[in-house]
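Beneath this line is the structure, given in structure tokens, with notes to follow.
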Amino acid sequence: MASGGYAAVARGLYAKGEEGPIFGPLDFDISRTGLTVFSGPSGSGRTSLALVLSGRMAPNSGNLEVVGRTARKDVRRHVALAGVAQVDELERSVRVRDVVTESKAWASPWYSVVGKAHAADLEKLCAQVFGERALPELDIYVSELLPLDDLLLRISFALRPAHGTPPELLVVDDLEQLVDVADQREMVEILARLAEDMPVVLTTVNPLGTDSPAHFAFALDQDQEKTGDESGVPDTAASDADAAAKEDAQ
Numbered sequence: 001m002a003s004g005g006y007a008a009v010a011r012g013l014y015a016k017g018e019e020g021p022i023f024g025p026l027d028f029d030i031s032r033t034g035l036t037v038f039s040g041p042s043g044s045g046r047t048s049l050a051l052v053l054s055g056r057m058a059p060n061s062g063n064l065e066v067v068g069r070t071a072r073k074d075v076r077r078h079v080a081l082a083g084v085a086q087v088d089e090l091e092r093s094v095r096v097r098d099v100v101t102e103s104k105a106w107a108s109p110w111y112s113v114v115g116k117a118h119a120a121d122l123e124k125l126c127a128q129v130f131g132e133r134a135l136p137e138l139d140i141y142v143s144e145l146l147p148l149d150d151l152l153l154r155i156s157f158a159l160r161p162a163h164g165t166p167p168e169l170l171v172v173d174d175l176e177q178l179v180d181v182a183d184q185r186e187m188v189e190i191l192a193r194l195a196e197d198m199p200v201v202l203t204t205v206n207p208l209g210t211d212s213p214a215h216f217a218f219a220l221d222q223d224q225e226k227t228g229d230e231s232g233v234p235d236t237a238a239s240d241a242d243a244a245a246k247e248d249a250q
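Here's what the structure looks like:
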């Protein structure tokens with residue numbers, strides 16, 4: 001299956017769990033540029049789809065090519081995933097400095113001596129994602145982070161994997177984990193900015209409004225359509241997510 005000018009192409013993509021279908025069969029094409037939003041109610045398989053798109057979970061049937069690759073291990077290496085608690089949730093009882101230091105250590109040769117993270121390390125890690133938004137303080141606990149800053153930090157880590165290969169696609173799950181509507185709006189704006197340089201996929205419960213940044217919309221129970229300016233976890237998933245989290249940390 002040739003992907004042509006698309007970041008991802010799916011045909012007949014289907015996943016099921018012990019209690020029945022999770023999603024699909026789905027047919028879709030994800031553009032190599034811009035923001036693509038998959039929306040659907042509870043039970044529509046949004047998180048499982050995010051795991052499949054990022055190579056962290058295998059579908060039961062169908063064809064999927066992501067950034068020119070079909071093998072899960074290859075897809076996983078080239079696709080960043082954020083927003084799935086079982087994959088990227090930060091330890092709440094440690095300081096931001098600690099998680100940044102740990103990230104430095106994973107990305108360094110085994111024989112290197114890695115000192116505690118400083119402001120320059122945080123800037124290097126987070127500047128691309130946070131943009132003009134103030135970076136979190138290094139010495140606050142993760143539990144003290146604002147919800148938006150917590151998710152932005154997780155995205156920052158996802159875009160700088162320990163193996164050092166720059167991701168070619170970013171997948172962010174569950175916009176509604178940000179309860180505040182203003183936070184949701186800012187997150188969408190940040191993802192739209194990131195999508196100017198790489199394809200970005202976001203999953204949501206509700207479709208984005210017509211006043212949102214330009215994006216391609218796909219309703220999990222409907223046909224694909226364009227909106228905006230371009231008017232363009234079941235048990236099985238949980239086990240795959242746990243395994244993916246261990247692999248991503250290596």
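So the sequence shown is numbered by the UniProt record's numbering: it starts at 1 and just counts up by one. Beta carbons are placed, not taken as given, at the ideal position from N, Cα and C, and that holds for glycine.
>> If contacts are defined as beta-carbon pairs under 8 Å, then residue 171 and residue 201 qualify, I think. What distance do you get, rounded to the angstrom?
In response: Position 171 of the sequence shown holds residue 171. Position 201 of the sequence shown holds residue 201. Correct: roughly 5 Å between the Cβ atoms.
> In chain order, what residues of the same chain have a beta carbon less than 6 Å from the beta carbon of residue 105, not counting five sequence neighbours either side?
Replying inline: Residue mapping note: residue 105 aligns to position 105 of the sequence shown, counting from 1. 114, listed in sequence order.
>> As a quick exercise: from 196, 195, 178 and 192, pick the residue whose alpha carbon is nearest that of residue 206.
In response: Position 206 of the sequence shown holds residue 206. When only C-alpha atoms are compared, the closest one is 178.
> When DSSP builds the beta bridges, which residues end up paired with residue 118?
Replying inline: For the purposes of this step, residue 118 is identified with residue 118 of the sequence shown, where counting begins at 1. Looking at the DSSP assignment, residue 118 forms no beta bridge with any residue, so it has no partner.
>> Give me, in chain order, the residues of the same chain whose beta-carbon lies closer than 6 Å to that of residue 176; leave out the 5 immediate sequence neighbours on both sides.
In response: Here residue 176 is taken as the residue at index 176 of the sequence shown, counted from 1. Non-local beta-carbon contacts of residue 176 in its own chain, meaning distances under 6 Å to residues more than five positions away in sequence, involve 205 in chain order.
> Are residue 218 and residue 39 touching if we call contact CB-CB under 9 Å?
Replying inline: Here residue 218 corresponds to residue number 218 of the sequence shown, with the count starting at 1. Here residue 39 corresponds to residue number 39 of the sequence shown, with the count starting at 1. With respect to residue 39, residue 218 sits close: the two C-beta atoms are nearer than 9 Å.
>> So, does the segment 68-84 touch the segment 144-155, judging by three or more C-beta pairs under 8 Å?
In response: Judged by Cβ distances under 8 Å, the segment 68-84 makes contact with the segment 144-155, as three or more pairs qualify.
> The alpha helix (DSSP H) with residue 151 in it runs from where to where?
Replying inline: Translated into positions along the sequence shown, residue 151 becomes position 151. The continuous alpha helix (DSSP H) containing residue 151 extends over residues 147-158.
>> Using 8 Å as the cut-off, can you tell me whether the segment 2-18 makes contact with the segment 52-68, which would need three or more C-beta pairs spanning the two stretches below that distance?
In response: With the cut-off at 8 Å, the segment 2-18 and the segment 52-68 touch.
>> Can you tell me where the alpha helix (DSSP H) holding residue 101 begins and where it ends?
In response: For the purposes of this step, residue 101 is taken as residue 101 along the sequence shown, with counting starting at 1. Residue 101 -> alpha helix (DSSP H) spans 96-107.
> Is the Cβ-Cβ distance between residue 195 and residue 33 less than 9 Å?
Replying inline: Counting from 1 along the sequence shown, the entry for residue 195 is found at position 195. Counting from 1 along the sequence shown, the entry for residue 33 is found at position 33. Yes, they are a contact pair.
> Taking C-alpha atoms, which residue in 138, 124, 166 and 43 lies nearest to residue 97?
Replying inline: The residue given as residue 97 occupies position 97 in the sequence shown. For the set 138, 124, 166 and 43, the Cα lying nearest the Cα of residue 97 is the one of 138.
>> Tell me which residues share the same chain as residue 135 and place their Cβ nearer than 6 Å to its Cβ, disregarding the 5 neighbours each side in the sequence.
In response: The count along the sequence shown starts at 1 and reaches residue 135 at position 135. For residue 135, where only same-chain residues beyond five positions count, the Cβ hits under 6 Å are 122 and 126.
> Can you name the start and end residues of the alpha helix (DSSP H) that residue 194 belongs to?
Replying inline: Position 194 of the sequence shown, counted from the start, is the residue given in the question as residue 194. Run containing residue 194: 181-194, per the alpha helix (DSSP H) assignment.
> Leaving out five residues before and five after residue 189 in sequence, what residues of the same chain have Cβ atoms less than 7 Å from its Cβ?
Replying inline: Working through the sequence shown from its first residue, we reach residue 189 at position 189. Cβ-Cβ distances below 7 Å link residue 189 to 213 in the same chain, with the five nearest sequence neighbours on each side left out; the list follows chain order.
>> When you compare the CB positions of residue 67 and residue 7, do they come within less than 9 Å of one another, or not?
In response: Here residue 67 is taken as the residue at index 67 of the sequence shown, counted from 1. Here residue 7 is taken as the residue at index 7 of the sequence shown, counted from 1. Yes. Within cutoff.
>> What does the Cβ neighbour count give for residue 84, buried or exposed, with the cut at 16 atoms within 10 Å?
In response: What you label residue 84 is simply residue 84 of the sequence shown in a count that begins at 1. Buried, by the Cβ-count rule.
>> Quick test of your reading: residue 90 and residue 142, contact by CB under 8 Å. State the CB separation rounded to the nearest angstrom.
In response: Along the sequence shown, read from residue 1 onward, the residue named residue 90 stands at position 90. Along the sequence shown, read from residue 1 onward, the residue named residue 142 stands at position 142. Correct: roughly 5 Å between the Cβ atoms.
>> Can you tell me whether residue 118 is buried or exposed? The criterion is at least 16 other CB atoms within 10 Å of its CB, across all chains shown.
In response: As a first step, residue 118 must be located in the sequence shown, where it is residue number 118. The Cβ neighbour count for residue 118, taken over all protein chains shown within 10 Å, is under 16; the residue is labelled exposed.
>> So, under 8 Å CB-CB, residue 55 and residue 73 are touching, yes? Tell me the CB distance rounded to an integer number of Å.
In response: One-based indexing of the sequence shown puts residue 55 at position 55. One-based indexing of the sequence shown puts residue 73 at position 73. At roughly 7 Å, the Cβ-Cβ gap stays under 8 Å, so residue 55 and residue 73 are in contact.
>> Could you tell me the alpha carbon to alpha carbon distance between residue 187 and residue 215, rounded to whole angstroms?
In response: Position 187 of the sequence shown holds residue 187. Position 215 of the sequence shown holds residue 215. Cα to Cα, residue 187 sits roughly 14 Å from residue 215.
> So residue 71 packs on residue 173, CB below 8 Å; how close in whole Å?
Replying inline: To locate residue 71, count along the sequence shown from 1; it is residue 71. To locate residue 173, count along the sequence shown from 1; it is residue 173. No, residue 71 and residue 173 are not in contact; Cβ-Cβ is about 22 Å, not under 8 Å.
>> In this structure, how does DSSP classify residue 203 when only helix, strand and coil are distinguished?
In response: Here residue 203 corresponds to residue number 203 of the sequence shown, with the count starting at 1. Three-state result, residue 203: strand.
>> Would residue 9 and residue 28 qualify as a contact pair, given that the criterion is a beta-carbon distance under 9 Å?
In response: Counting from one through the sequence shown, the residue named residue 9 turns up at place 9. Counting from one through the sequence shown, the residue named residue 28 turns up at place 28. Yes. Within cutoff.
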